[in-house]
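Trainee:
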Amino acid sequence: MEPTPEQSPHHAYPDHWEADVVLRDGGTARIRPITTDDAERLVSFYEQVSDESKYYRFFAPYPRLSDRDVHRFTHHDYVDRVGLAVTIGGEFIGTVRYDRIDDTGRPASAPADEAEVAFLVQDAHQGRGVASALLEHIAAVARERGIRRFAAEVLPANNKMIKVFRDGGYTQRRSFEDGSVHLTLDLEPTEKSLAVQRGREQRAEARSVQRLLAPGSVAVIGTGRTPGGVGRTVLRNLLAAGYTGRAYAVNRAFDEGLATLDGVPAHRSLGEIDEQVDLAVIAVPAHRVPEAVADCGEHGVQGLVVLSAGYAERGAEGRELQRELVRQARSYGMRIIGPNAFGIINTAETVRLNASLAPESPARGRIGLFTQSGAIGIALLSGLHRRGAGLSSFISAGNRADVSGNDFLQYSFEDPDTDVALLYLESLGNPRKFTRLARRTAAVKPVVVVKGARHSGTNPPGHAVPVSRIPDTTVSALMRQAGVIRVDTVTEMVDAGLLLAGQPLPAGPRVAILGNSESLGLLTYDACLAEGLRPRPPIDLTTAASPQDFRDALAEALADGTCDAVIVTAIPWVGENGEAETGDGQVLAEALTKAVAGGSAKPVAVVHVEIGGLAEALAAASSTAAPRPRTVTPAAQPRAATTATTARATTAGTPAARGAATAPAGAATPEAATAPEAATSQEATPRPGRIPAYPAAERAVRALAEAVKYAQWRRQAAVPGKIPEFLDDTIHEAGAAALIEAQLATAPDPRGRPLSHDEARELLGHYGIDVRPTLPAPDPEAAVAAAARLGYPVALKTTAPHLRHRADLGGVRLDVADEEALRRAYGELTDLLGKPAELLPVVQAMAPRGVDTVVRASIDAAAGAILSFGLAGAPSELLGDTAHRLVPATDRDAAELIRSIRAAPVLFGWRGSAPVDTAALEELLLRLSRLVDDHPEVVSVALEPVVVAPQGLTVLGASVRLAPPPARSDVGPRRLPNY
303 MEPTPEQSPH HAYPDHWEAD VVLRDGGTAR IRPITTDDAE RLVSFYEQVS DESKYYRFFA
363 PYPRLSDRDV HRFTHHDYVD RVGLAVTIGG EFIGTVRYDR IDDTGRPASA PADEAEVAFL
423 VQDAHQGRGV ASALLEHIAA VARERGIRRF AAEVLPANNK MIKVFRDGGY TQRRSFEDGS
483 VHLTLDLEPT EKSLAVQRGR EQRAEARSVQ RLLAPGSVAV IGTGRTPGGV GRTVLRNLLA
543 AGYTGRAYAV NRAFDEGLAT LDGVPAHRSL GEIDEQVDLA VIAVPAHRVP EAVADCGEHG
603 VQGLVVLSAG YAERGAEGRE LQRELVRQAR SYGMRIIGPN AFGIINTAET VRLNASLAPE
663 SPARGRIGLF TQSGAIGIAL LSGLHRRGAG LSSFISAGNR ADVSGNDFLQ YSFEDPDTDV
723 ALLYLESLGN PRKFTRLARR TAAVKPVVVV KGARHSGTNP PGHAVPVSRI PDTTVSALMR
783 QAGVIRVDTV TEMVDAGLLL AGQPLPAGPR VAILGNSESL GLLTYDACLA EGLRPRPPID
843 LTTAASPQDF RDALAEALAD GTCDAVIVTA IPWVGENGEA ETGDGQVLAE ALTKAVAGGS
903 AKPVAVVHVE IGGLAEALAA ASSTAAPRPR TVTPAAQPRA ATTATTARAT TAGTPAARGA
963 ATAPAGAATP EAATAPEAAT SQEATPRPGR IPAYPAAERA VRALAEAVKY AQWRRQAAVP
1023 GKIPEFLDDT IHEAGAAALI EAQLATAPDP RGRPLSHDEA RELLGHYGID VRPTLPAPDP
1083 EAAVAAAARL GYPVALKTTA PHLRHRADLG GVRLDVADEE ALRRAYGELT DLLGKPAELL
1143 PVVQAMAPRG VDTVVRASID AAAGAILSFG LAGAPSELLG DTAHRLVPAT DRDAAELIRS
1203 IRAAPVLFGW RGSAPVDTAA LEELLLRLSR LVDDHPEVVS VALEPVVVAP QGLTVLGASV
1263 RLAPPPARSD VGPRRLPNY
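Residues 303 to 1281 (this note's numbering) are what the sequence shown spells out, left to right.
Structure below.
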């Protein structure tokens, strides 16, 4: 909405303050600045507010607004006077206003940094979190305009408003003056205010998905009059699944006399339906979708599943249609799955919703599935069905213009019916938020992800989201850091999901292997070694083994404290006539299930070759079993036959105890220090879960290896790493900030500027990072003088961009012992590579011998600040042997970073060499992490090489680039993305 000429000419309309938000009940609303065009909307809004709410706002009866009031509340300068409104359907449902004041409470301008704030919310919308959302946004606006404190006068009886201020998480002071409560809020964000904001975001976004998946009524708009077609297919699938709510067929082309279709009421429009419809499935051509969305919005529909194609997957014109679709739906408070979606499924017994094109609704299970591709969704549903696995929920989001994988994570985190979340993603709209949500969700239940379009460098057609340029290997490392189980194929996703949903997490990597085939056992043993597991020698039961032999051997392995998991291998029995008997799958499944039921809580997987019905029998044997609590037991602690597990107490916004995986008893999850939810533990007796069966040893072992790594992450995440306090004593943050400000002031280019060697040394020095000085050597005499100043032995190096860090091209001479050798080396360099003006030679004192490494930090606009580490040299670059962690890094992150590269043994005494000072290296990583975290203007740092010796390290080269910090999508008030 643009301002009129009456608006202050000095301050343009701040359109970046506009935002779509999800309210507490899952509906959406729009927050925007109030303009002079809003006079009629304001008057209409005020007329719908109760006398009591008016009294609380103005401290006196105030039945109507005067013309002067309307003018005052619609004319703002967007600096000292700001008003924001929350709108649904274009009409106001809430407002907030601040006026800058001085120390005496009178109107003022900058530099006064306090403002008086007041809210008013329509009674029909109170309790939806409108005021809380307004407080977040008006506080962000105030900080942007240099206001640091809010003052508010509230009547003591206005408990709702007092609660909004109290629960915001801001530092506040309260006093009682002249019959009212005087509140002062410091607007600087705190850990508590950020935790409150994210807690509200989580509950609201989870609720918005829950409303879509559990509607009380569904209308299929575009249901065909004859069998076939998308709409009629969805209606048929909805009814076939036994949907427990009320269903309606809607098509404006229906004959007026048509009363029912397929046994459900048929209508020409939503207005003919006597009740408010919760969910609408839209299956009409794209050009008719806006009409259908308007009909839904005007009749109170809560959410949409848009199956219609013809949007962003068709190019620029379709992308604009898609944006307009989202704007239109959100203006009515509705969220969208799609467009170009395949549909949604909820197998809960109280819902039984199949609003999708899947002809068969999957069985009820403990796996939640989200996919951005309809074709992949079909493949996953089919694969899970063949393996006898069930789902709790399914969302195929198509172009994911609104509801995304992040929303699904919010929902899965607290859904008591989901034990494992599987996601097929082709794009990440907000990678920072994804990693934050994934870390929190993975702390209580596994998250398995397949990332498509990994190497294209672009997003798939239809996905109108920012493109991240970070390599796929970096994305994978960051997912691992967040606890995400990253697999390469949908087959591996199903394999891992089956094991994680049906079996407890392993306490360690020790694996027992038993079966009736020595060869299959050896294949499994080799696969375990290849995946980094520690298998015991396979136990060969021989081909004569009976199901009872399998049961006894499995029970013995489960009771053995020296193994953490068991893989059972089985081939068909050979009868007396020498022919294979393939009909004993049911008998073997019963034997294995009984052994697991009586054993300890260790994961069990079965590898079978052509045993008919075994996988189905294993699935059927446990299909009615109650969900089993999941626990993570320290690897060093043997597990008894009955193991105490932990579960979360059911509180607002937390996973229920049933089926929710948790951290060890008494341990904090990664966000426990700031999360508003509280976790408690309770004991539970493990119950048998579904034993997954695999047709190949490699697939079973790979799934088990992922479970082992995830369980290890859970154990480590239970006690988060820390940033050592000793760093504070040697860091001069203010000095670095002043240097950065001065350097950027001289570089008006928004792309920023690189620092010189001396400037980089000074900046890094403020954070305790000492870079060994270099002296220019434009001629032999200068080189000799530099060496005399530094002391022999020295290194002579070229610094030209095309020769930097290229020792293989001959641009470096090391251990130059004296003047004669230096002059000779100088002549060789210039004779071989070119003139000194081209080579830019420098002289540097030699560093103690050690391992050459590279430490980098960079800012990706989508993913955030990333810390990287690897060994220097061509082999590491060619093999991509570099590790990555998100900033800020903790002591544990730094330790893991240097140990996670494949060449890490070189640092720890490989082949008899002396171990290097890894403690010094970890400290360097932490210091660099602090630098880029404290100063987002530092967009790129490369320390190369860093020579790590047995005692200490030396930074020989450093390059730093400064630029205005990129906009962050994960800070500030919560808002829905607009792509």
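The C-beta atom is built at its ideal place from N, Cα and C for all residues, glycine as well.
Tell me the DSSP secondary structure of F710 in three-state form.
Mentor: Sequence index remark: in the sequence shown, residue 710 carries index 408 (1-based). Reduced to three states, the DSSP call for F710 is helix.
Trainee: For the beta strand (DSSP E) that contains D1235, what are its first and last residues?
Mentor: Walking along the sequence shown from the start, residue 1235 turns up at place 933. Where D1235 is concerned, there is no enclosing beta strand (DSSP E), although the alpha helix (DSSP H) it sits in stretches over 1220-1236.
Trainee: Please give me, in chain order, every unbroken run of the beta strand (DSSP E) with length at least 3 that falls completely inside the segment 497-538.
Mentor: With a minimum length of 3 residues, the continuous beta strand (DSSP E) runs that stay inside the segment 497-538 are 519-523.
Trainee: Which runs of the alpha helix (DSSP H) spanning at least 4 residues fall entirely within the segment 668-703, listed in chain order?
Mentor: Fully enclosed alpha helix (DSSP H) runs of 4 or longer: 676-688.
Trainee: Taking the beta carbon of K747 as the centre, do at least 16 other beta carbons fall within 10 Å, making it buried, or is it exposed?
Mentor: On the sequence shown, position 445 is the one that residue 747 refers to. Flag for K747 reads buried.
Trainee: When you compare the segment 681-697 with the segment 555-568, are there three or more beta-carbon pairs, one atom per stretch, that lie closer than 8 Å?
Mentor: Cβ pair count under 8 Å is below three, so no.
Trainee: Which residues in the same chain have their Cβ closer than 8 Å to the Cβ of G1129, if we skip the five residues on either side of it in sequence?
Mentor: Locating residue 1129 in the sequence shown gives position 827, where the first residue counts as 1. Within the same chain, G1129 has close Cβ partners P1082.
Trainee: Mind checking H318: buried by the 16 CB within 10 Å criterion, or exposed?
Mentor: By one-based count along the sequence shown, residue 318 stands at place 16. By the 10 Å Cβ count, H318 comes out exposed.
Trainee: Measuring CA to CA, which of A426, A907, V911 is closest to A921?
Mentor: Within the sequence shown, the letter at position 619 stands for residue 921. The residue with the shortest Cα to Cα distance from A921 is A907.
Trainee: Smallest Cα separation from T389: which of E619, A321, R399, V456?
Mentor: Indexing the sequence shown from 1 puts residue 389 at position 87. That would be A321, whose Cα lies nearest to the Cα of T389.
Trainee: Of all the options G810, G526, I464, G501, which has the alpha carbon lying nearest to the alpha carbon of L485?
Mentor: Within the sequence shown, numbered from 1, the residue matching residue 485 stands at position 183. The shortest C-alpha separation from L485 is found at I464.
Trainee: Compare the beta carbon distance of V372 and A341 with 8 Å and say whether it is the shorter of the two.
Mentor: As a position in the sequence shown, residue 372 is number 70, starting the count at 1. As a position in the sequence shown, residue 341 is number 39, starting the count at 1. In this structure, A341 lies closer than 8 Å to V372 by Cβ.
Trainee: So, are the CB atoms of L1230 and V1153 less than 8 Å apart?
Mentor: One-based indexing of the sequence shown puts residue 1230 at position 928. One-based indexing of the sequence shown puts residue 1153 at position 851. Contact: no.
Trainee: Using CA coordinates, which residue listed in L541, V586, I584 is at the minimum distance from P567?
Mentor: Counted from its first residue, the sequence shown places residue 567 at position 265. Closest option to P567, Cα to Cα, is L541.
Trainee: How about P655 and Y827: do their beta carbons lie closer than 8 Å?
Mentor: Here residue 655 is taken as the residue at index 353 of the sequence shown, counted from 1. Here residue 827 is taken as the residue at index 525 of the sequence shown, counted from 1. The sequence given here places Leu at residue 655; Pro does not occur at that position. No, these two residues do not count as a Cβ contact at 8 Å.
Trainee: Using DSSP bridges, identify the partner residues of F1171.
Mentor: Position 869 of the sequence shown, counted from the first residue, corresponds to residue 1171. For F1171, which the question treats as bridged, DSSP gives the partners V1157, A1185.
Trainee: According to DSSP, simplified to helix, strand and coil, what is T948?
Mentor: Counted from its first residue, the sequence shown places residue 948 at position 646. Residue placement at T948 is poorly supported in this model, since its pLDDT is 31, which falls under 50; the coordinates are not used for a value here.
Trainee: Could you name the residues of the same chain whose beta carbon sits closer than 6 Å to that of P1238, not counting the 5 residues immediately before and after it, in chain order?
Mentor: Your numbering for residue 1238 matches position 936 in the sequence shown. Once the five neighbours on either side are set aside, the close Cβ partners of P1238 are P1267.
Trainee: Since I believe D866 is in contact with P773 (beta carbons under 8 Å), could you give me their beta-carbon distance rounded to a whole number of angstroms?
Mentor: For the purposes of this step, residue 773 is taken as the residue at position 471 of the sequence shown. For the purposes of this step, residue 866 is taken as the residue at position 564 of the sequence shown. In fact, because the Cβ distance is near 34 Å, the residues do not count as touching under 8 Å.
Trainee: Which residue wins for smallest C-alpha separation from A634, given the options G620, G602, E858, F644?
Mentor: In the sequence shown, the residue the question calls residue 634 occupies position 332. The identity of residue 634 in the sequence shown is Tyr, whereas the question assumes Ala. The residue with the shortest Cα to Cα distance from Y634 is G602.
Trainee: Starting from the N-terminal side, write out each stretch of the alpha helix (DSSP H) that is 4 residues or longer and does not extend beyond the segment 564-650.
Mentor: Taking only runs of at least 4 residues, the alpha helix (DSSP H) segments lying wholly in the segment 564-650 are 591-600, 618-633.
Trainee: What is the residue span of the beta strand (DSSP E) that V792 lies within?
Mentor: Here the question's residue 792 lines up with position 490 in the sequence shown. V792 -> not in any beta strand (DSSP E); alpha helix (DSSP H) instead, spanning 792-804.
Trainee: Could you tell me the boundaries of the alpha helix (DSSP H) in which Y472 lies?
Mentor: The residue labelled residue 472 in the question sits at position 170 within the sequence shown. Taken as a continuous stretch (DSSP letters only), Y472 belongs to no alpha helix (DSSP H), as it is neither H nor E.
Trainee: Expressed to the nearest angstrom, what Euclidean distance is found between the alpha-carbon atoms of P978 and V911?
Mentor: Position 676 of the sequence shown, counting from 1, holds the residue named residue 978. Position 609 of the sequence shown, counting from 1, holds the residue named residue 911. Summary for P978: the model assigns pLDDT 35, below 50, so the residue's position carries little reliability; its value from the coordinates is reported in the next sentence. Roughly 50 Å separates the two Cα atoms.
Trainee: Hey, which unbroken runs of the alpha helix (DSSP H) at 4 residues or more fall wholly within the segment 1048-1098?
Mentor: Within the segment 1048-1098, the complete alpha helix (DSSP H) runs of at least 4 residues are 1059-1067, 1082-1092.
Trainee: Which whole-angstrom value describes the C-beta separation of R637 and D580, a residue pair presumed to lie in contact below a C-beta threshold of 8 Å?
Mentor: Against the sequence shown, residue 637 aligns to sequence position 335. Against the sequence shown, residue 580 aligns to sequence position 278. So it is not a contact: roughly 12 Å between Cβ atoms.
Trainee: Count Cβ pairs between the segment 716-727 and the segment 673-680 that sit closer than 8 Å; are there 3 or more?
Mentor: Touching, yes.
Trainee: Relative to the C-alpha of V813, which residue among R1277, A803, T864 is closest?
Mentor: For the purposes of this step, residue 813 is taken as residue 511 along the sequence shown, with counting starting at 1. Of the listed residues, the one whose Cα sits closest to V813 is T864.
Trainee: Compute the Euclidean distance between the alpha carbons of T649 and P409, then round it to the nearest angstrom.
Mentor: By one-based count along the sequence shown, residue 649 stands at place 347. By one-based count along the sequence shown, residue 409 stands at place 107. If you take the alpha carbons of T649 and P409, they lie about 59 Å apart.
Trainee: Helix, strand or coil: which one does DSSP assign to S778?
Mentor: The residue you call residue 778 lines up with position 476 of the sequence shown. In this structure, S778 counts as helix in the three-state DSSP scheme.
Trainee: By how many angstroms is the C-alpha of D1162 removed from the C-alpha of D1117?
Mentor: Working through the sequence shown from its first residue, we reach residue 1117 at position 815. Working through the sequence shown from its first residue, we reach residue 1162 at position 860. So the two alpha carbons sit approximately 39 Å from each other.
Trainee: What whole-angstrom Cβ distance do L1258 and A1149 have, given they're in contact under 8 Å?
Mentor: Residue numbering aside, residue 1258 sits at position 956 when the sequence shown is read from its first letter. Residue numbering aside, residue 1149 sits at position 847 when the sequence shown is read from its first letter. Confirmed, Cβ separation roughly 6 Å.
Trainee: What separation, rounded to the nearest whole angstrom, lies between the Cα atoms of V498 and A435?
Mentor: To locate residue 498, count along the sequence shown from 1; it is residue 196. To locate residue 435, count along the sequence shown from 1; it is residue 133. Going from the Cα of V498 to the Cα of A435 covers about 11 Å.
Trainee: Does the beta carbon of T1100 fall short of 7 Å from some heavy atom of the ligand HEM?
Mentor: By its list of ligands, the structure shown contains no ligand whatsoever, and the ligand HEM lies outside what it can speak to.
Trainee: On the three-state DSSP scale, how would you describe P1268?
Mentor: Taking the sequence shown and counting its residues from 1, one reaches residue 1268 at position 966. Here P1268 sits in coil by DSSP.
Trainee: Can the beta-carbon of G799 be found less than 8 Å from the beta-carbon of I669?
Mentor: To locate residue 799, count along the sequence shown from 1; it is residue 497. To locate residue 669, count along the sequence shown from 1; it is residue 367. Yes, these two residues count as a Cβ contact at 8 Å.
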